[in-house]
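A short write-up of the structure that comes next.
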Amino acid sequence: MKNLWIQTENAFATWVADFSAVTTQPAAILAFVQATLASGTRHRIFEVVEAPVIGYRRERDGALSDVLGRLLEQDRSLDVFGFTGSAMMPGPPTSSVVETTLSCYDPADQRVERVVADLGAVLASLEPVPGSIPNGSMTHYPAVRVTGLRYTVVDGRIPVDNRPNPRPVAVYFGIHSDIWFPWVFGAAHPLRDLQRMFDNRELAHCHTPRLNAFLRDVAAAARQAGGSFSVCPDETAGPALEWVDDASVLLDWEPPDGIMPPEALNVPWYRL
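Okay, so the sequence shown: first residue is 100 according to this note's numbering, each after it adds one.
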C-alpha cells in the first residue's frame with residue numbers, strides 16, 4: 100500500500116485572500132473571484148460542477164463566472180465563494196461539487212491520475228484492509244477547499260462589520276491532505292512513528308506544481324484587486340508552516356528526522 104497520505108478535518112495548510120481594504124470596490128473583488136475560477140479550471144485544481152446555494156449546475160448553466168456577474172449586476176449580490184456552501188463537505192444538499200485532478204496509487208500500487216470530488220472517499224476506496232485507516236484520516240472534503248461569504252452591496256460598497264473584532268472580507272484556500280507534500284508521516288501506516296517520513300515525491304511532483312501555479316495566480320489576482328494573499332498561520336498545522344510559503348507548497352525540502360526505509364511499505368496492514 101503506497102497511499103500513505105491522509106485527509107483530515109483540520110487543514111494542513113490554509114492561505115487567505117483578504118479584501119478588507121477594498122470593500123468599496125465590489126467589481127474588483129468579483130474580478131478576483133472570476134480570475135480564481137478561470138485559473139482553477141486552467142490548472143485542473145478547482146472546477147465547480149454544482150453550487151446548490153445559488154442553483155448552479157455547470158452542464159446546464161455554463162460559466163459560473165457569468166452567473167456571478169449577473170448576481171452582482173441584477174441583484175447587487177457579491178458572492179465571494181459563499182456559493183461553495185456547507186463547508187464544502189460532500190453530501191449535504193447545500194454543499195458544492197468541485198473537481199480536482201490529482202495522482203494516487205491504484206490497488207496494484209500503480210500511479211494513476213484521477214478526477215476527484217471527495218478525496219476522503221477516494222482513500223476509503225483504497226483502504227488495504229477494512230478498518231485499517233481511522234475515519235478521521237479520511238474526512239469527506241474536496242482536494243482543495245475554498246470558502247467565503249456572500250454580501251449584499253449597498254451604495255456601491257460591502258457593509259462593514261462594526262463589532263470590535265469584525266470578520267474580514269476574505270476567502271480561505273485550504274488543503275486538508277498531505278497528498279500535496281513530497282514527504283508524509285504516514286499517519287495511518289502500521290509502522291508510523293510520526294517522526295520519520297515516507298517518500299511521497301512521485302505523487303507530489305505530478306499534481307503539486309499545478310496547485311502552486313493556481314496559488315500564484317490567486318495571489319496575483321488578489322493583489323490586482325487591492326487585497327492581500329498569504330499563509331494563514333492560525334489555520335495551518337505547525338509542521339506545515341515549514342512546508343509552504345505565501346503562494347506555494349514547497350517541494351525541495353528533506354525530512355528533518357529521517358526517512359522510513361523502503362521495506363516498510365511491505366508490512367501487512369490490519370484492522371484497528
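Every residue gets a Cβ at the ideal spot worked out from N, C-alpha and C, and that includes glycine. A quick note: this is a predicted structure, and the numbers were derived from the prediction, not measured.
#### Entry: Sequence-distant residues of its chain with Cβ nearer than 6 Å to ARG376 (five each side left out)
The requested residue 376 is not part of the displayed model; the chain covers only 100 to 371.
### contact_flag[the region 323 to 330, the region 273 to 293] where n(CB pairs < 8 Å) is 3 or more
no
### Query
Among the residues of its own chain, which have a CB less than 6 Å from the CB of VAL152, if the five just before and after it don't count?
The residue you call residue 152 lines up with position 53 of the sequence shown. Once the five neighbours on either side are set aside, the close Cβ partners of VAL152 are PHE182, GLY184, THR193.
### Query
Among LEU290, ARG291, ALA269, which has the Cα closest to the Cα of ALA120?
Here the question's residue 120 lines up with position 21 in the sequence shown. It is ALA269 whose Cα lies nearest to the Cα of ALA120.
### Message
By the three-class DSSP mapping on this structure, what secondary structure does ARG315 have?
### Response
The count along the sequence shown starts at 1 and reaches residue 315 at position 216. Residue state, collapsed to three classes: helix.
### Task
Whole angstroms is fine: what's the gap from ILE144's alpha carbon to THR200's?
On the sequence shown, position 45 is the one that residue 144 refers to. On the sequence shown, position 101 is the one that residue 200 refers to. ILE144 and THR200: Cα-Cα distance of roughly 6 Å.
### Query
What did DSSP end up calling ILE128 once you bin it into helix, strand or coil?
Counting from one through the sequence shown, the residue named residue 128 turns up at place 29. Correct three-state label for ILE128: helix.
### Task
Tell me whether MET296 sits in a helix, a strand or coil according to DSSP, three-state version.
Locating residue 296 in the sequence shown gives position 197, where the first residue counts as 1. Reduced to three states, the DSSP call for MET296 is strand.
### Query
Secondary structure at ALA150, three-state DSSP: helix, strand or coil?
As a first step, residue 150 must be located in the sequence shown, where it is residue number 51. If DSSP states are grouped into helix, strand and coil, ALA150 belongs with the strands.
### Query
Is ILE358 buried or exposed, if buried means 16 or more other CB atoms sit within 10 Å of its CB?
Translated into the one-based positions of the sequence shown, residue 358 becomes position 259. So ILE358 counts as exposed.
### Task
Assign GLY337 to one of three DSSP states: helix, strand, or coil.
Position 238 of the sequence shown, counted from the first residue, corresponds to residue 337. Looking at GLY337 - three-state DSSP - the assignment turns out to be coil, as it is neither helix nor strand.
### Task
Ignore the nearest five residues each way along the sequence and tell me which others in ILE232's own chain have a CB closer than 6 Å to its CB.
The residue given as residue 232 occupies position 133 in the sequence shown. Counting only Cβ-Cβ distances below 6 Å, and skipping sequence neighbours, we find GLU226, ALA287.
### Query
Over what stretch of residues does the beta strand (DSSP E) that includes SER329 continue unbroken?
Residue numbering aside, residue 329 sits at position 230 when the sequence shown is read from its first letter. Looking at the DSSP string, the run of the beta strand (DSSP E) that includes SER329 is 327 to 330.
### Message
Here's the rule I'm using: 16 or more other beta-carbon atoms within 10 Å means buried, otherwise exposed. How should GLY285 be labelled?
### Response
Position 186 of the sequence shown, counted from the first residue, corresponds to residue 285. The residue in question, GLY285, is buried, as its Cβ has 16 or more Cβ neighbours within 10 Å.
### Cα-Cα separation, PRO308 to HIS142
Residue numbering aside, residue 308 sits at position 209 when the sequence shown is read from its first letter. Residue numbering aside, residue 142 sits at position 43 when the sequence shown is read from its first letter. Taking the straight line from one Cα to the other gives about 9 Å.
### Task
Consult DSSP for VAL215 and reduce its assignment to one of helix, strand or coil.
Mapped onto the sequence shown, residue 215 falls at position 116. Of the three classes helix, strand and coil, the one that applies to VAL215 here is strand, per DSSP.
#### Entry: Residue span of the beta strand (DSSP E) that contains VAL228, given as start and end
For the purposes of this step, residue 228 is taken as residue 129 along the sequence shown, with counting starting at 1. Run containing VAL228: none; DSSP gives neither H nor E here.
### Query
Can you tell which of VAL221, ILE257, PRO258 has its C-alpha closest to the C-alpha of TYR240?
On the sequence shown, residue 240 is found 141 positions in, with the first residue counted as 1. Out of VAL221, ILE257, PRO258, VAL221 has the C-alpha closest to the C-alpha of TYR240.
### Message
Between the region 295 to 310 and the region 124 to 137, can you find at least three pairs of beta-carbon atoms closer than 8 Å?
### Response
no
### Task
Take MET187 and list the residues in its own chain whose beta-carbon comes closer than 8 Å to its own, dropping the five residues that flank it on each side.
Counted from its first residue, the sequence shown places residue 187 at position 88. Excluding sequence neighbours, MET187 sits near SER194, SER195, VAL197, TYR240, PRO241, ARG244, VAL245, THR246.
### Query
If we count the other Cβ atoms within 10 Å of its Cβ and call it buried at 16 or more, is VAL369 buried or exposed?
As a first step, residue 369 is located in the sequence shown; it is residue number 270 there, counting from the start. Note on residue identity: the sequence assigns Tyr, not Val, to residue 369. TYR369 is exposed by the Cβ-count criterion.
### Query
Where does ASP373 land, buried or exposed, given buried means 16+ other C-beta within 10 angstroms?
Residue 373 lies beyond the range of the chain shown here (100 to 371); nothing can be said about it.
#### Entry: Neighbourhood of LYS376 by C-beta distance below 7 Å, restricted to the same chain and skipping five residues each side
Residue coverage of the chain in this structure runs from 100 to 371, which leaves residue 376 outside it and unanswerable.
### Where the alpha helix (DSSP H) through ARG432 begins and ends
Nothing about residue 432 can be read from this structure; the chain reaches only from 100 to 371.
### Query
Sorry if obvious, but does the Cβ on ASN299 come closer than 7 Å to a heavy atom of the ligand ATP?
With respect to the ligand ATP, the structure offers nothing, as it holds no ligand at all.
### Task
Grab the span of the alpha helix (DSSP H) containing ARG143 for me, first residue to last.
Mapped onto the sequence shown, residue 143 falls at position 44. No alpha helix (DSSP H) contains ARG143, which DSSP labels as neither H nor E.
### Query
Among the residues of its own chain, which have a CB less than 8 Å from the CB of SER164, if the five just before and after it don't count?
The sequence position of residue 164 within the sequence shown is 65, counting from 1. Answer for SER164: VAL132, GLN133, LEU136, ALA137, listed in chain order.
### Query
Using the rule of at least 16 other Cβ atoms within 10 Å of the residue's Cβ for burial, across every protein chain shown, is GLU149 buried or exposed?
For the purposes of this step, residue 149 is identified with residue 50 of the sequence shown, where counting begins at 1. Under this definition GLU149 is a buried residue.
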